[in-house]
Every structure is written in C-alpha cells, then in structure tokens.
Amino acid sequence: MSISYPILSFVIWVPIIAGLVVLAVGDRRPAAARNIALLGAVAGLLVALPLWTHFDRDAGGFQFIENAPWIDSFNANYHLGIDGISLLLILLNCVITVLVVVAGWGVRERIAQYLASFLILGGLMNGVFCALDALLFYVFFEATLIPMYIIIGVWGGPNRIYAAVKFFLYTLLGSLLFLVALIYLFNVADGSFSLLDFYGLQLPLGAQILIFVAFFAAFAVKVPMWPVHTWLPDAHVEAPTGGSVVLAAVMLKLGGYGFLRLSLPIVPDASQQLAGFVIALSLVAVVYIGLVALVQTDLKKLIAYSSISHMGFVTLGTFLFSAQGVEGAVLQMVSHGFVSGALFLCVGVLYDRLHSRRIADYGGVVNRMPVFAALFMLFAMANAGLPGTSGFVGEWLVILATVKTSFWYTALAATTLIFGASYTLWMYKRVVFGAPASPQIAALNDIGGRETLVLGVTAALVLAIGIYPAPLGAVLHVSVSDLLAHVHSKLPMQ
Amino acid sequence: MSFLTFIAPACAEVFLLCAACAILVIDLFVDDAQRGISYTLTLLALAGCFVLTWLGLSEEQYAFNDMFVADPMAALIKLSIYLAVAVTLVYARPYVQARGMFRGEFFVLILFATLGMMVMVSANHLLTLYLGLELLALALYGLVALQRDSTAATEAAMKYFVLGALASGMLLYGMSMLYGATGSLGLTDMADAIANDSADKVVLAFALVFIISGIGFKLGAVPFHMWVPDVYQGAPTAVALFISSVPKLAAFAFIMRILVTGLGADWLVAQWQWMLIVMAVLSLAIGSITAIAQTNLKRMLAYSTISHMGFLLLGILSGSDEGFASAMFYVMVYALMNLGAFGMILLLARPGFEADTLDDFRGLNQRSPWYAGMMLLIMFSMAGIPPLVGFYAKLSVLWAVVDAGYLWLAVVAVLFSLVSAFYYLRVVRLMYFEPPLDPSPITAPAATRWVLSLNGLLMLVFGVLPGPLMTLCDYSIELSLQ
Chain A
2 MSISYPILSF VIWVPIIAGL VVLAVGDRRP AAARNIALLG AVAGLLVALP
52 LWTHFDRDAG GFQFIENAPW IDSFNANYHL GIDGISLLLI LLNCVITVLV
102 VVAGWGVRER IAQYLASFLI LGGLMNGVFC ALDALLFYVF FEATLIPMYI
152 IIGVWGGPNR IYAAVKFFLY TLLGSLLFLV ALIYLFNVAD GSFSLLDFYG
202 LQLPLGAQIL IFVAFFAAFA VKVPMWPVHT WLPDAHVEAP TGGSVVLAAV
252 MLKLGGYGFL RLSLPIVPDA SQQLAGFVIA LSLVAVVYIG LVALVQTDLK
302 KLIAYSSISH MGFVTLGTFL FSAQGVEGAV LQMVSHGFVS GALFLCVGVL
352 YDRLHSRRIA DYGGVVNRMP VFAALFMLFA MANAGLPGTS GFVGEWLVIL
402 ATVKTSFWYT ALAATTLIFG ASYTLWMYKR VVFGAPASPQ IAALNDIGGR
452 ETLVLGVTAA LVLAIGIYPA PLGAVLHVSV SDLLAHVHSK LPMQ
Chain B
2 MSFLTFIAPA CAEVFLLCAA CAILVIDLFV DDAQRGISYT LTLLALAGCF
52 VLTWLGLSEE QYAFNDMFVA DPMAALIKLS IYLAVAVTLV YARPYVQARG
102 MFRGEFFVLI LFATLGMMVM VSANHLLTLY LGLELLALAL YGLVALQRDS
152 TAATEAAMKY FVLGALASGM LLYGMSMLYG ATGSLGLTDM ADAIANDSAD
202 KVVLAFALVF IISGIGFKLG AVPFHMWVPD VYQGAPTAVA LFISSVPKLA
252 AFAFIMRILV TGLGADWLVA QWQWMLIVMA VLSLAIGSIT AIAQTNLKRM
302 LAYSTISHMG FLLLGILSGS DEGFASAMFY VMVYALMNLG AFGMILLLAR
352 PGFEADTLDD FRGLNQRSPW YAGMMLLIMF SMAGIPPLVG FYAKLSVLWA
402 VVDAGYLWLA VVAVLFSLVS AFYYLRVVRL MYFEPPLDPS PITAPAATRW
452 VLSLNGLLML VFGVLPGPLM TLCDYSIELS LQ
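Residue numbers (our numbering), protein chains in the order written: chain A, 2 to 495; chain B, 2 to 483.
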C-alpha cells in the first residue's frame with residue numbers, strides 16, 4: 002500500500018491514451034503507429050507491475066483504493082480497487098495486450114486503427130477489473146463491445162459482418178438486463194452504486210433470484226456457458242488472430258470475473274439456491290462441448306469449442322463455494338488466458354502462411370517448422386491439462402473441490418481429461434505429423450524472431466505457472482476466503 | 002412598475018423579434034453575393050439572445066399579467082435552443098447555398114420559429130402557449146416548402162400542414178374544454194381551480210384526451226407519428242435537421258407547462274400517466290422495429306426519433322422531479338445527437354447529391370477516418386452504449402421509471418433499445434466494414450468541419466463526465482417546479 006500515485010488509473014488510462022495517440026498518428030505512418038503502440042502496451046504492462054510487488058498478500062478487502070465523485074445525480078463514484086482475483090486478471094490482460102500488439106505487427110490494412118483498438122480494449126478491460134462502483138463497472142463492461150465489434154468486422158474473415166453483429170447483439174441483450182438489475186439495486190441501496198454497499202444488502206430470496214437471473218444473462222453470455230455460447234465459435238472463426246486471442250484470453254474472463262465480483266457476494270442466497278443449475282450447465286459445457294470440439298474440421302472452431310469447455314470448469318469451480326473451487330476457477334482463467342491465446346497465435350502463424358483454417362489442408366508441418374511444432378506441442382499439452390503446465394493446476398483444483406461435493410459431478414468433470422486430450426492431440430497429430438500434405442507445406446518457413454518471441458514468452462509463462470503456481474495462490478488465498486466468508490455469513494440457514 | 006421592468010423577463014423575446022424584423026428589411030438590400038451578411042446577423046441575433054437570457058437567469062419571474070414566466074428551466078431550454086439553432090445554421094449553410102435557398106426567408110423563418118419556441122417555453126397561459134406553438138408551426142411549414150420546385154418538399158409541406166392543423170385543432174378543442182371546466186386560461190389559476198375541486202372531472206378528463214392527442218402529434222409519438230418519416234424525407238435536409246432537433250426541446254417544455262404546471266393534480270397525473278405509457282410503449286416498438294426496414298437514412302432517423310420520443314415520454318410519465326429532470330437531460334442529449342447525425346448527411350451532401358441513403362455512408366472510414374469516427378460516436382450514443390452520453394440519458398430515464406414503480410416498463414424499454422441497436426450498428430457496419438461506392442474526398446467549409454467534430458467529440462466528453470449537465474437539469478427542474 003506504499004504507492005502514493007493513483008496506480009490503478011494509470012493501469013486503465015495509459016493504454017487508452019496510447020491508443021488514442023496511435024489513432025491520431027493514423028495509417029499514413031505505419032512504422033510510427035507500430036512503435037507507439039508497442040511503447041503504449043509495454044508502458045501499460047510496466048505501470049501494472051508495481052501492483053504485483055506492492056500487493057499486500059495478507060490483507061483482506063480491496064487495495065490501491067481510489068475514490069472520487071463522478072456523477073452527482075446518481076451518486077456514482079470513480080471508485081477503483083483490486084483484490085487478488087482482479088490483480089491476476091489485470092496482469093494477464095496487460096501481458097496479452099503486449100503480445101497482441103507484437104503479433105499484429107504484420108497486419109497490412111489500417112494498422113493504426115487495428116493496434117489502437119487493442120490498446121483501448123485493453124485499458125477498458127482493466128477498468129472492468131478495477132471498478133468498485135457498479136455503474137463504472139457497467140460502463141467499462143459495455144464499452145468493450147465497441148472496439149471488439151470493429152476488430153471483428155474490419156479485419157475479420159469472409160463472414161465477419163454476421164459474426165460481428167451477432168457478437169454485439171448477443172452480449173448487449175445480456176448486459177441490458179444486467180443494467181435493469183443494477184438500477185433496481187441502486188434504488189434498494191438508497192441511491193448508491195457502490196459495490197460495497199450492494200454487498201451489505203439483505204434482500205429477500207425472490208428478489209435475489211430475479212437479480213441473479215439478470216446478472217446471469219450478462220455473465221453467462223460472456224463466459225460463454227452452454228446454451229448461450231453460439232456466438233463464440235462464429236466470432237472466433239471470423240475474428241483476426243489478435244481478436245481471437247483477446248477474446249479468448251481476456252474477454253471471456255469478464256464473465257467469470259462478473260460472477261465472482263457481483264453475483265456471488267450480492268445475491269449469495271440465490272447463488273446457492275441456483276448453484277445446481279449453473280453446475281449442470283457447466284458440466285454440459287465440459288462434456289458435450291468437449292465432444293463437439295472433437296468433430297470440428299476448422300482449427301479455430303476447434304479451439305473455440307475447447308475454450309467453452311474449459312470455461313465450463315471456471316463456472317463449475319465458482320459455484321462449488323469452496324476455497325479450492327474458487328481458486329481453481331481463477332487459476333483456470335489465468336491459465337486458459339495464456340494457453341488459448343497461444344493456441345490462437347499458433348493458428349495465426351499457420352493461417353498467415355497457408356491462408357486456410359481447415360485441418361484437412363495441413364499435415365507434416367513439423368518437417369518444415371520444427372521450432373513452431375515444439376512450441377505448439379507445449380500449448381496443446383497445456384490445453385489437454387498435462388501436469389507441469391498451467392492447464393493442469395486449475396483443473397486439478399476444481400476437480401478436487403468437486404470430489405468433496407459429489408462423485409457424479411467429478412466423474413463428469415474428469416471426462417475433460419479424456420476429451421481434452423483427444424481433441425487437442427488428434428488435431429495436433431493431423432496438423433503437424435506425417436509427410437507434408439501439399440507442396441505449399443513442403444515450402445513453409447519456420448517462425449521468425451518476432452513469432453518465436455511471442456510464443457516463447459507465453460510458453461515460459463505457461464510452464465512457470467504449471468511448475469510453481471504457489472505465488473499465484475498466495476495472492477488469491479485471502480481474497481477468496483474473504484469472499485467465501487462473506488457468502489456464507491449471509492446464509493441464515495447454515 | 003415601469004414598462005421596462007414589466008417586460009424585462011421577456012427581453013430576449015423582444016430583442017429577437019426586433020432583430021428578425023431588422024434582418025428581414027436589411028436582407029432586401031443585399032444581393033446574393035453578400036448574403037453572408039444576413040447569415041452573420043442571424044448568428045449575432047442568436048448570440049444576443051444568449052447573452053440576454055444568460056443575464057436574466059434567476060428565480061421565477063412573471064410578466065404580462067402572469068401570462069409569461071421566466072424560470073431556470075425555461076432559461077436552460079432556451080439556451081440550448083439558441084445553441085442548437087446556431088449549429089443548424091452552420092451545418093445548413095453550404096447545403097442551402099448550393100440549392101438556392103440561401104435567402105433572407107430562410108433566416109427569418111428560422112428566427113421566427115425560434116421566437117415561437119421561446120414563447121412556448123416561457124408560456125404560463127394557454128393563449129401564450131398556443132401563440133408560440135402556431136408561430137413555430139407556421140414558420141416550419143414555410144421552411145419545408147422553401148424548395149418550391151421540389152415535389153417531394155411540397156408534398157411534405159402539405160402533409161405537415163394538414164396534420165399540423167388537425168393537431169392544433171385538437172389542442173384548441175382541449176383547451177376550450179379546460180377553460181369551460183376551470184374558468185381560466187392561466188396555467189397556475191387552472192391548477193388552483195382543479196386543486197379546489199371546483200372543476201368538472203368528466204370535462205377535464207375529456208380535455209386531457211384532446212390535449213394529449215395534440216401533444217402526441219407535435220411530438221411525433223405513436224399513434225400520431227405518420228407525418229414524421231414523410232416530412233423528414235421530403236423536406237430539404239437542412240430543414241429536416243432543424244425540425245427534428247430544435248422543436249423537440251420546446252415540445253418538452255410545452256409538455257411540462259401544460260401537464261405538470263396546469264394538470265399536475267394527483268388524480269389527473271394518474272390519468273395522463275396511462276395515456277403516456279401507451280404512447281411511449283407504442284413509440285418505442287414502432288420506432289425501433291420500423292427503422293430496421295429503412296434504406297433512406299433520413300427516414301431511418303425519423304423512426305429513431307419516434308423511439309427517442311418514447312424514451313422522453315417515459316421520463317415525463319414517471320411524474321417525479323427526477324423523472325422530469327431525466328426527460329430534460331434526455332431531450333438535450335437527443336438534440337445534440339440528432340444535430341450530429343443530420344450534420345453528417347449535410348457534410349457528405351454535394352451540389353446535386355443528397356447523401357441521404359444508407360449506401361452513401363459505405364466505406365466512409367476509407368474516405369475519411371475522422372468523420373467516420375464522429376459518426377461512430379454519434380451512432381453508438383444513439384444506441385445508448387457507454388461510455389457515450391446517450392447511455393446516461395437512457396439510464397436516467399430508466400432509473401426514473403423504475404423509481405416510479407414501473408419495472409416492467411424499464412424492461413420493455415431496454416428490449417426495444419436492443420432492437421434499435423441493430424440499425425445503428427448497421428450504419429457503423431456500412432462505414433467500417435464495406436468498401437466505398439464513391440471514393441471522392443469530403444469537401445466542406447472549415448466551420449462545418451470544426452462544429453461537427455466538436456459535436457461528435459461532445460458525445461465522448463459528456464459520456465465520460467455527464468455529471469455537470471445532469472446536475473444542471475436537476476437543479477433547473479427543482480427550482481422551477483416548487
């Protein structure tokens with residue numbers, strides 16, 4: 002707590018302002034736009050690093066608080082603060098923003114607008130993770146739609162317009178109901194939008210259930226949970242590489258984070274009452290979507306379905322109401338951020354060279370791209386949840402937590418270890434091994450320095466988290482136990 | 002009391018009347034090449050009004066035997082009217098110049114319309130109210146028909162005139178019943194008579210129906226909206242810009258005067274609340290759904306106006322000070338957004354080319370990233386996406402509605418705003434995701450460019466910091482409706 006400057010404001014506004022500068026530089030000077038964007042992204046990461054070093058791991062509650070009046074009429078404040086859960090997601094977001102900017106170096110068309118969209122998006126998502134005022138949270142949460150809509154629609158694939166509009170309207174529908182719930186809470190809380198005031202409310206169960214449903218509409222669509230997941234494969238397939246990376250790595254986490262920051266603490270009774278329902282949907286995602294991923298013929302679609310299946314673990318862990326489950330969920334979010342981001346980057350590498358996403362068009366890539374194949378292997382294993390990679394940690398914790406709740410939940414959840422390995426490794430085999438499938442593949446060049454750097458850094462992080470996750474856990478323990486204590490304290494029945 | 006202090010609260014109106022007459026005369030002596038003089042004088046007249054209204058800003062003051070009231074709400078609305086009219090003139094100049102409408106009539110009609118609105122806003126008497134309304138309406142009929150040779154414009158003017166006359170008739174009929182029931186035309190006296198229970202309730206209820214129908218016509222709320230799309234499409238774009246933005250500010254004040262000051266008794270509020278609910282929900286529904294099918298941007302904006310008027314009615318019908326303040330904020334934000342949207346059409350228009358279909362916005366991002374960005378801000382603001390100001394306008398109205406106990410109405414409004422997001426998104430889609438049909442660069446005078454850029458950026462500025470404007474609306478309503 003020894004930081005004297007408004008660090009969270011820097012974390013939010015540095016990337017946004019850098020993005021606006023890049024926009025102002027414009028497409029006529031692409032080199033300058035690239036350099037400024039990289040500078041902005043790295044600066045965004047650097048200003049966030051003190052959060053990690055200065056975060057007090059033993060203190061409960063929120064840290065690095067900033068609070069200033071914002072809209073008097075609504076008594077809304079510019080109220081920022083983070084706990085361990087937000088800290089990890091902010092760092093994830095900052096790292097991914099840098100990676101995406103580097104990975105987007107080669108984009109030809111309207112490079113300044115492309116890079117600026119990612120910087121602004123990154124800043125807005127940091128805002129979501131920092132906001133302690135419900136209105137501020139909503140503003141950041143919704144504002145992310147605008148850059149993402151542009152990213153998918155301008156730089157996306159052939160069917161990008163359909164995907165962009167579907168993405169926008171689907172998520173907007175969820176958020177609008179969320180907004181009505183916030184307005185209701187504002188009235189109940191005697192004219193306050195502060196999340197901390199919302200936490201103190203004692204609401205009747207009926208109202209809680211309605212609010213839970215409205216929250217659920219916003220967050221479940223974002224996560225996305227089965228059966229409101231259908232926008233995601235479309236969006237992922239059509240989005241440019243960077244768009245898919247940010248979407249999978251960070252944007253989906255807004256949903257998981259929303260459950261932890263709003264649903265659980267504000268409507269704990271309804272969350273407990275409806276936990277069975279959410280767990281059931283999560284298990285459907287894990288099992289059924291896992292099977293759906295198995296039969297995909299499109300690389301990006303396969304990874305998109307695998308994302309949905311992995312995010313099922315996040316919601317599953319969240320609604321088990323145990324420390325292991327929630328910590329597992331958060332670690333799974335962080336790990337999935339890196340792993341799915343890296344997998345989309347790998348697909349981007351292949352797509353840049355062959356302009357195809359069909360698995361059938363590939364084969365024997367290893368013969369020409371050994372370095373790439375090795376890194377891709379690592380991420381595929383992480384996606385399958387191999388011990389020693391980050392993918393293992395979260396899934397293991399969630400499965401441990403599930404065992405304590407019910408054997409049958411565990412049996413279903415554990416199938417992911419089989420399905421995940423099946424679809425990932427089978428895909429890897431078809432793409433990478435064998436003899437070169439076509440003359441184009443026989444003429445491939447291995448990844449260059451920039452691509453190696455991006456994938457190498459991600460690989461190092463995936464391994465580091467997998468081998469020694471304790472520092473992440475240390476950040477989470479107090480925040481998670483606080484959250485659960487709060488949830489349980491409001492239960493008169495238990 | 003000397004004559005001067007007697008009319009002091011109305012000094013801005015008196016000044017504008019003199020200025021308009023002077024401009025009418027001066028314009029006779031300038032030829033087409035020097036028409037800029039009339040234009041400059043018109044802007045100066047508005048600036049003069051702005052100063053006078055600003056200086057006269059104070060507690061409630063009455064003039065002309067209580068027929069005229071100057072209160073903070075009137076002042077704030079009038080100040081926004083001056084600004085909106087000035088912006089209209091700046092946007093309209095190249096367009097009307099290219100189409101032979103840059104003549105004295107244009108300026109004088111706009112000034113008289115402005116004067117009509119000012120009288121409406123400050124009326125405390127049914128006669129004053131009607132006088133202002135008719136002055137506005139007659140000037141608008143003339144403006145729509147200003148392009149004499151255009152059949153579309155003439156047709157629109159006829160339609161507007163006939164339906165407008167019908168609406169005025171209804172209003173007058175309602176007003177006569179009010180007079181019969183309360184024995185007074187003054188709004189304050191009327192309210193007293195109703196409060197004393199000395200008025201016949203059946204007659205009052207009938208009067209209310211006619212008044213609300215008249216308001217519905219003037220506002221363009223469903224089911225009295227038929228004229229809106231035709232007039233917007235048929236009128237010259239510069240005039241459509243004026244009609245669609247500025248009079249809505251005055252219409253808000255009109256509703257406040259007659260429904261809240263005059264007919265604000267509890268049992269009457271309960272009556273008009275339900276009428277407004279029906280009109281609001283229908284406006285939201287028809288406005289949002291029909292706009293999807295439009296290919297003409299002016300027509301699309303007409304339907305979008307209808308659905309915005311639905312939101313405005315939601316704020317008013319919640320019947321609380323917060324609700325009125327939210328409606329006031331909404332109408333100001335609406336005027337700002339609408340000026341920007343029509344300003345973009347005028348920016349793209351060239352001599353002989355109207356740029357009023359959606360296809361004309363294709364690929365704007367490749368022609369001019371800056372103005373595509375401005376239009377993006379305006380469209381997302383209209384759709385109510387944060388962090389743009391349109392979001393806070395919707396939010397404050399929704400909050401007032403929930404606060405008044407109509408949670409279901411908020412849910413309905415939210416669902417229709419999802420529908421309306423679809424067609425605003427379509428404009429953004431055309432600008433950003435499609436290649437241009439016509440790659441010619443944008444030529445517009447510097448004044449238009451600067452004001453339009455400011456207009457677009459205000460979406461973002463008020464979007465990040467909406468507090469001051471909202472507080473201003475809260476205060477002015479609080480001070481005006483004690």
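Beta carbons are placed, not taken as given, at the ideal position from N, Cα and C, and that holds for glycine.
Provide the residue(s) that pair with residue i in DSSP beta bridges, ordered along the chain.
i, result
"A/Q64", "A/I83"
"B/H126", "B/G187"
"B/T358", "B/N297"
"B/V70", "B/Y63"
"A/N78", "A/P70"
"A/D270", "For A/D270, which the question treats as bridged, DSSP gives no partner whatsoever."
"B/R351", "B/F354"
May I ask you to report which of helix, strand or coil DSSP gives residue i?
i, result
"A/W71", "strand"
"B/A146", "coil"
"A/V350", "helix"
"B/R368", "helix"
"B/S151", "coil"
"A/I109", "For the record, residue 109 of chain A in the displayed sequence is Arg; it is not Ile. If DSSP states are grouped into helix, strand and coil, A/R109 belongs with coil."
"A/V331", "helix"
"B/R94", "helix"
"A/R58", "coil"
"A/A132", "strand"
"B/R100", "coil"
"A/D299", "strand"
"B/P387", "coil"
"B/R363", "coil"
"A/G256", "helix"
"A/Y6", "coil"
"B/D33", "helix"
"A/S308", "helix"
"A/V15", "helix"
"A/A436", "coil"
What residue does the alpha helix (DSSP H) around residue i start on, and which one ends it?
i, result
"A/Y171", "R161 to V189"
"B/G406", "Run containing B/G406: none; DSSP gives neither H nor E here."
"A/Q441", "P440 to A443"
"A/P472", "A471 to S490"
"B/A21", "C12 to L29"
"B/T6", "F4 to I8"
"A/S323", "A/S323 -> no alpha helix (DSSP H), and no H or E assigned at all."
"A/I153", "L146 to W156"
"A/L282", "A276 to V285"
What are the boundary residues of the beta strand (DSSP E) that includes residue i?
i, result
"A/V455", "Note, A/V455: premise wrong, no beta strand (DSSP E); alpha helix (DSSP H) at G450 to I468."
Taking C-beta pairs closer than 7 Å, name the residues in chain E that residue i reaches, listed in chain order.
i, result
"B/Y433", "Chain labels in this structure do not include chain E; the protein chains are A and B."
The ligand NAP and residue i: does the residue's C-beta get closer than 7 Å to at least one heavy atom of that ligand?
i, result
"A/A190", "Ligands displayed in this structure: none; no statement on the ligand NAP is therefore possible."
ask   = Given a limit of 8 Å on CB to CB distance, which residues of the segment 402-426 of chain B reach chain A?
value = Answer set for the segment 402-426 of chain B: V403, D404, L408, A411, V412, V415, L416, S418, L419, A422, F423 and L426.
query = If you scan the segment 228-306 of chain B from start to end, which runs of the alpha helix (DSSP H) of 4 or more residues do you find wholly inside it?
reply = The alpha helix (DSSP H) runs of length 4 or more contained entirely in the segment 228-306 of chain B are, from start to end of the chain, 228-235, 238-256 and 267-293.
ask   = Which runs of the alpha helix (DSSP H) fall wholly inside the segment 343-424 of chain A and span at least 4 residues, in chain order?
value = List check, alpha helix (DSSP H) in window: 371-385 and 391-406.
query = Which full runs of the alpha helix (DSSP H) of 4+ residues lie inside the segment 422-478 of chain B, going along the chain?
reply = Counting only unbroken stretches of 4 or more residues, the alpha helix (DSSP H) elements lying wholly within the segment 422-478 of chain B are 447-465, in sequence order.
Contacting positions in the segment 144-175 of chain A - beta carbon closer than 8 Å to chain B = Hits within the stretch, in order: A144, L146, I147, Y150, I151, G154, V155, R161, I162, A165, V166, F169, L170, L173 and L174.
request  = Pull out every residue of the segment 23-50 of chain A whose Cβ sits closer than 9 Å to any Cβ of chain B, in chain order.
outcome  = Going along the segment 23-50 of chain A in chain order, one finds L24, G27 and D28 with a Cβ nearer than 9 Å to chain B.
message = Using a Cβ-Cβ cutoff of 8 Å, what residues of the segment 382-403 of chain B are near chain A? List them in chain order.
response = Contacts with chain A (Cβ-Cβ distance below 8 Å) from the segment 382-403 of chain B involve I386, P387, P388, F392, Y393, L396, S397, L399, W400 and V403, listed in chain order.
key: alpha helix (DSSP H) runs contained entirely in the segment 184-247 of chain A, provided each spans 4 or more residues   = Restricting attention to alpha helix (DSSP H) runs no shorter than 4 residues, the segment 184-247 of chain A encloses them at 196-200, 206-223, 232-239 and 242-247, ordered along the chain.
Interface positions of the segment 451-481 of chain B facing chain A (Cβ-Cβ less than 7 Å), listed along the chain = Listed by position, the residues of the segment 451-481 of chain B near chain A (Cβ gap below 7 Å) are P467, G468, M471, T472 and D475.
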